[in-house]
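Sequential numbering of the sequence shown, starting at 50, is according to our numbering. Read the structure below first, then the notes.
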Amino acid sequence: MVAAKLIFNLSKKGSDKDCEVRDLIEGYLAGLSKYGNIWGEFVLSSKKKGFQAYTYLSHPNAMAKKYQTKHTKKDLENIYEKIGENPKCEILGDKIDRTVPKWKTESFLYIFTHAFDFTSPVCLGSSGKALPIYFLPLSAGDRERAYFWASSYRDHDRIWLSSDELEIPAYKQMVEPDSGLSKKGRKICDIVEKKTGIPTYYFLNRYWGRIENEDNRLCPRCGSEWRVEEEIAPSKSFSNFAFQCKPCRLVSCEADSFEDERHARIGEYKLKKSTDTD
Ligand SMILES: [Zn+2]
């Protein structure tokens, strides 16, 4: 991730800093954010000869046209038509790492985000680093789907952290494998795995745990043992998950709190009653 300034100069004769130009630029930047070229928010301001935006790029090459979708390229054409120039990108900072992540050699990927994250939800198994999503062979629709899932997950996480009326419903959405939020996330895992050929896991959070037998909890989806015997990633990495179910493509962490057994049952495997399968 790098900080950058995007400069939109009005070069076309008669072009003006009107609302239409500003709207076009805002729409273009919002598209770049939705499709993963930009991470997080942007700040747009006017300057003497046009506009400038400060933002974070997901990688120094994030503005290259080959990484943009047909939608943002179309927006760019409309901006060019209006102002007579393509935006200039100025990378801010001294030491710029231009290395392209070698994701093709990863043994696994996983999707994950949290309330204070604004990067890509697709992470490298070896390091836990967020991978700019445009490096993957995904369609614009896939990128959009990942963006909206991540936005929704962050909203749920913020609601849970606020410990207000919706604390428990929001927590359930994040820890139960068949919640609406989890189903959408697992669908993204399916797509990424299908298109990359790399096993892609869905992360299930675990906050409240049991004082006894917590290590022996079962995969909440299939009921199999899923405690990891050997490290699945470097030990210092977040991706060195304590629980992993390969058939279900689920990973999870150790619990943080052991003070509320009532809540520990949330997200645990539940034996289906016979009537459920009738
Ligand atoms: Zn399982």
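Cβ atoms here follow ideal geometry from the backbone N, Cα and C, with glycine treated the same way. Just so we're clear, the structure is a prediction, and the values are computed from it rather than from any experiment.
query, result
"Return the chain-ordered list of same chain residues with a C-beta closer than 6 angstroms to the C-beta of K66, the five sequence neighbours on each side being excluded.", "S95"
"Classify C238: buried if its beta carbon has 16 or more other beta carbons within 10 angstroms, exposed otherwise.", "buried"
"Could you check whether the Cβ of R255 sits closer than 6 angstroms to any heavy atom belonging to ligand 1?", "no"
"According to DSSP, Y159 sits in a beta bridge with which residue or residues?", "C172, Y250"
"Please go through the segment 256–312 and give each complete beta strand (DSSP E) segment of 3 or more residues, from N-terminal end onward.", "292–294, 299–301"
"By Cβ distance below 7 angstroms, which residues in the same chain neighbour A199 in space, the five residues on each side in sequence not counted?", "T162, P170"
"Name the two residues that bound the continuous alpha helix (DSSP H) containing V70.", "68–83"
"For L55, which residues does DSSP report across the bridge?", "A102, C138"
"By how many angstroms is the C-alpha of N265 removed from the C-alpha of E317?", "11 angstroms"
"Select from V300, I281, R259, C297 the residue whose C-alpha is nearest the C-alpha of R311.", "R259"
"Of the residues T249, N289, C138, which one's Cα is nearest the Cα of R276?", "N289"
"I'd like to know if the segment 186–201 and the segment 74–85 are in contact, where contact means that at least 3 CB-CB pairs between them fall below 8 angstroms.", "yes"
"Hey, how far is the Cα of G99 from the Cα of G142?", "23 angstroms"
"Under the assumption that D213 contacts Y256 (Cβ atoms under 8 angstroms), give the Cβ distance between them as a whole number of angstroms.", "No, D213 and Y256 are not in contact; Cβ-Cβ is about 16 angstroms, not under 8 angstroms."
"Confirm, please, whether the CB-CB distance from P181 to H108 is below 7 angstroms.", "yes"
"I need the DSSP call for G96, collapsed to helix, strand or coil.", "The question names Gly, yet the displayed sequence has Lys at residue 96. The answer is strand: DSSP assigns K96 an E or B state."
"Mind checking whether P226 and P269 have CB atoms under 7 angstroms apart?", "yes"
"Are the C-beta atoms of I140 and some chain C residue less than 7 angstroms apart?", "Reference to chain C is not applicable here, since this structure consists of a single protein chain."
"What do you get for S231, buried or exposed, if any count of 16 or more other CB atoms within 10 angstroms of its CB means buried?", "buried"
"Anyone know if the C-beta pair for A179 and Y105 falls short of 7 angstroms?", "no"
"From the DSSP output, read off the bridge partner residues of W198.", "Looking at the DSSP assignment, W198 forms no beta bridge with any residue, so it has no partner."
"Going by DSSP, what residue range makes up the alpha helix (DSSP H) through V241?", "229–245"
"Exposed or buried, which one is C294 when buried takes at least 16 other CB atoms within 10 Å?", "buried"
"Just checking S273 against ligand 2 - is the residue's beta carbon closer than 6 angstroms to any of the ligand's heavy atoms?", "Ligand 2 is absent from the structure shown, which contains only ligand 1."
"Are the CB atoms of F379 and P150 nearer to each other than 7 angstroms?", "Nothing about residue 379 can be reported from this structure: the residues present for the chain run from 50 to 327 only."
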